[in-house]
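Colleague: Just so you know, we're using this note's numbering here: the sequence shown kicks off at 0 and counts up by one.
For every residue, glycine included, the Cβ atom is placed at its ideal position computed from N, Cα and C.
Sharing a structure with you now.
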Amino acid sequence: MVEHPHLGRFPRVRPRRMRADDFSRRMLRETTVTVDDLIQPLFVIEGEAREKIPSMPGIERLGLKPLARQCKRLHALGIPAVALFPVPPQTARSEHAQEAWNPQGLAQRAIAAAKDAAPGLGVITDVALDPYTLHGQDGLCDERGYVVNDRTLDALVQQALSHAQAGADVIAPSDMMDGRVRAIRDAFEQGGHVNARILAYSAKYASVLYAPFRDAVDSADNLSGADKYSYQMDPANADEALRETALDIHEGADMVMVKPGLPNLDIVHRVKQTFGMPTFAYQVSGEYAMLKAAAANNWLDERPAVMEIITSFKRAGCDGVLSYYAEEIAGWLA
Ligand code: PBG
C-alpha cells in the first residue's frame with residue numbers, strides 16, 4: 000500500500016470508483032437544476048407582432064397577445080417567474096422618461112396581460128430608465144451628460160409604484176443608483192404594497208456582454224458609444240460588490256442579484272456565503288449570444304454546454320438564474 004500525499008491510503012481510496020457507473024454518479028451528485036431555478040426574461044413590444052432579434056437567435060420581442068400566450072406556456076412548463084423588459088417605440092422616449100410611470104404604458108399593460116394570462120406566474124419588472132430616455136442611460140442626465148442620482152431616484156420610485164399598481168409581484172431595480180432600494184421600499188410601505196418584493200441588481204457590473212440586450216430594447220443607438228461606468232461597477236472589483244449587496248439588504252431588498260453571471264460566479268459565491276440571502280444571477284444576453292453562436296457553428300454541443308453552465312451557477316450558490324435559455328431548459332428537464 001502506498002501513502003499518497005493527497006489520497007492517503009491509496010489504493011483503498013479511489014475516487015473514480017463512484018464515477019464508474021451512472022447510478023453512483025447520480026448518488027454522488029451535489030447539485031441539481033430544476034425548473035424552479037429558472038426565470039425567463041421576455042421583451043415586450045406594442046401590437047400583435049413577434050420580432051426576431053438578430054443578435055439573440057431564438058428570442059423574440061413579443062406583442063401583448065403573443066406575450067400572454069408565452070406566459071401561459073412558461074407557466075405550464077413550471078417556470079416560476081418571468082422578467083419583463085418593455086421596448087417602447089422611440090417616440091415614447093424623452094429627456095425626463097415620463098413614459099416609465101405612465102399607468103397605461105407598455106410595461107404596465109404588459110404586467111396586467113401577463114398576470115391575466117397566467118395568474119400563478121410571478122411577474123418581475125425592470126426598474127431603470129434606459130428604454131425611456133433619449134440617451135439610453137438608466138437615469139436622468141445633467142447638462143454634462145452625467146447621470147444624476149437623487150433626481151433619478153424620484154423617477155425610479157414613480158416607475159416602481161406604477162409597476163406595483165399594475166400588479167407586478169417583484170420589482171427589480173437594475174439602475175445602480177445609490178439609495179434606490181430604500182426609496183422604493185419606503186414608497187411601497189406607504190403605498191400599501193407591503194408584499195411587493197424587491198429583487199435588487201446589487202452587484203451589476205458595467206459589461207460589454209449587455210450588447211445584444213441593448214439591440215433588443217433598441218437603446219444601442221441612443222447610447223451612441225456612451226458607457227455606464229459612472230454607475231455600474233468595475234468588473235475588476237469584488238469587495239465593492241459585497242458593500243453594494245450589504246447596502247441593498249440593509250435598505251430592504253428581499254433578494255439580491257449578481258450580473259453578468261458566468262464571469263462573476265466568484266461574486267455569487269461570496270455574496271451567498273456572506274449574507275445567506277436568496278441570491279440570483281443573470282446569464283445575460285452576451286452569454287446567451289456566445290453559446291448560440293458556438294452551437295450554430297457546431298463548435299459546442301448546445302444542451303450539455305448550457306446544462307453544465309447552469310449547474311455551475313447553482314453550485315456557486317445561486318437560488319435561481321435569469322436565463323434566455325429558461326424555456327429551452329424547462330423543455331429539456333420535462
Ligand atoms: C438596463 C438593463 C440591462 C440589462 C438588464 N437591465 C442593460 C444595461 O444595463 O445596459 C442587461 C441584460 C442582458 O444583457 O441580458 N437597466
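Measure the C-alpha to C-alpha separation of residue 14 and residue 20 and round it to an integer number of angstroms.
Modeller: So the two alpha carbons sit approximately 12 Å from each other.
Colleague: In this structure, how does DSSP classify residue 128 when only helix, strand and coil are distinguished?
Modeller: coil
Colleague: Since residue 246 contacts residue 311 with CB under 8 Å, what's their CB separation in whole angstroms?
Modeller: Contact between residue 246 and residue 311 is ruled out by a C-beta separation of about 27 Å, above the 8 Å threshold.
Colleague: If you count every other CB in all the chains shown that lies within 10 Å of the CB of residue 10, and 16 or more means buried, which is it?
Modeller: exposed
Colleague: Under the rule that 16 or more other beta-carbon atoms within 10 Å means buried, what is residue 53, buried or exposed?
Modeller: Exposed, by the Cβ-count rule.
Colleague: Do you know whose CA, among 92, 65, 170 and 285, lies nearest residue 134's CA?
Modeller: 92
Colleague: Considering only heavy atoms of the ligand ADP and the C-beta of each residue, which residues fall inside 5 Å, strictly closer?
Modeller: Looking for the ligand ADP in the displayed structure turns up nothing; the ligands present are the ligand PBG.
Colleague: Using CA atoms only, rank isn't needed, just tell me which of 210, 268 and 182 is closest to residue 249.
Modeller: Taking each of 210, 268 and 182 in turn and checking the Cα distance to residue 249, the smallest one comes out for 182.
Colleague: To the nearest angstrom, how far is the alpha carbon of residue 110 from that of residue 70?
Modeller: 11 Å
Colleague: What residues in its chain sit with their C-beta under 6 Å from that of residue 76, if we drop five residues either side in the sequence?
Modeller: 329
Colleague: In the DSSP assignment, the alpha helix (DSSP H) including residue 50 goes from what residue to what residue?
Modeller: Where residue 50 is concerned, there is no enclosing alpha helix (DSSP H), although the beta strand (DSSP E) it sits in stretches over 49-51.
Colleague: Are there three or more Cβ pairs, one per stretch, closer than 8 Å when the stretch 251-270 is compared with the stretch 165-184?
Modeller: yes
Colleague: For a quick check, are the C-beta atoms of residue 80 and residue 38 less than 7 Å apart?
Modeller: yes
Colleague: Could you check the C-alpha separation between residue 223 and residue 136 for me, to the nearest Å?
Modeller: 11 Å
Colleague: What are the uninterrupted segments assigned as beta strand (DSSP E) that are 3 or more residues long and contained completely in the stretch 170-250, given in chain order?
Modeller: 196-203
Colleague: Starting from residue 107 and walking both ways along the alpha helix (DSSP H), at which residues does that stretch end?
Modeller: Residues 105-116.
Colleague: Any idea what DSSP makes of residue 26, helix, strand or coil?
Modeller: helix
Colleague: Would you grab the beta carbon distance between residue 78 and residue 60 for me? Rounded to a whole angstrom, and I think it's under 8 Å.
Modeller: Here residue 78 is actually not in contact with residue 60; their C-beta atoms are around 19 Å apart, not less than 8 Å.
Colleague: Pull up the DSSP beta-bridge partners for residue 319, would you.
Modeller: 279
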